[in-house]
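Enquirer:
Residue numbers (the numbering used here): 1 to 115.
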């Protein structure tokens, strides 16, 4: 005797639950559509992989060099260092850092506020 075709049962699953044929058909259609979308996604990824692998190593290297140069330019634009050589004495400051450079020939003053 096949599942779901017993003398008493009508359409039933293994666990004895009733099955609506329309719902079952809709469920199978959803599964098929989902499998088709997954298959399409896989094929698009494979096509994209083949397209990107078609570039030569020189083109990729030039792109990388161009990106690194652009990054270096943007970093230089963001960071500005001002260097002021003072021959006279410095005014009194608070919250600063005075750093000796070398053998004490130069001193760097970082930050600080006049008071």
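We put the CB at the ideal spot given by N, CA and C, even for glycine.
The structure presented is a predicted model; accordingly, all values stated were derived computationally and were not measured.
Just checking, does the stretch 79-98 make contact with the stretch 108-115 on the three C-beta pairs under 8 angstroms criterion?
Expert: A contact exists between the stretch 79-98 and the stretch 108-115.
Enquirer: With residue 101 as the anchor, note down where its beta strand (DSSP E) starts and where it stops.
Expert: Counting along the chain, the beta strand (DSSP E) containing residue 101 begins and ends at 93-101.
Enquirer: How big is the Cα-Cα spacing for residue 16 and residue 36?
Expert: Spanning the two alpha carbons is a distance of roughly 31 angstroms.
Enquirer: Once DSSP output is grouped into helix, strand and coil, what is the label at residue 83?
Expert: Correct three-state label for residue 83: coil.
Enquirer: In chain order, what residues of the same chain lie with their CB nearer than 6 angstroms to the CB of residue 40, ignoring the 5 residues before and after it?
Expert: Cβ within range, chain order: n/a, list empty.
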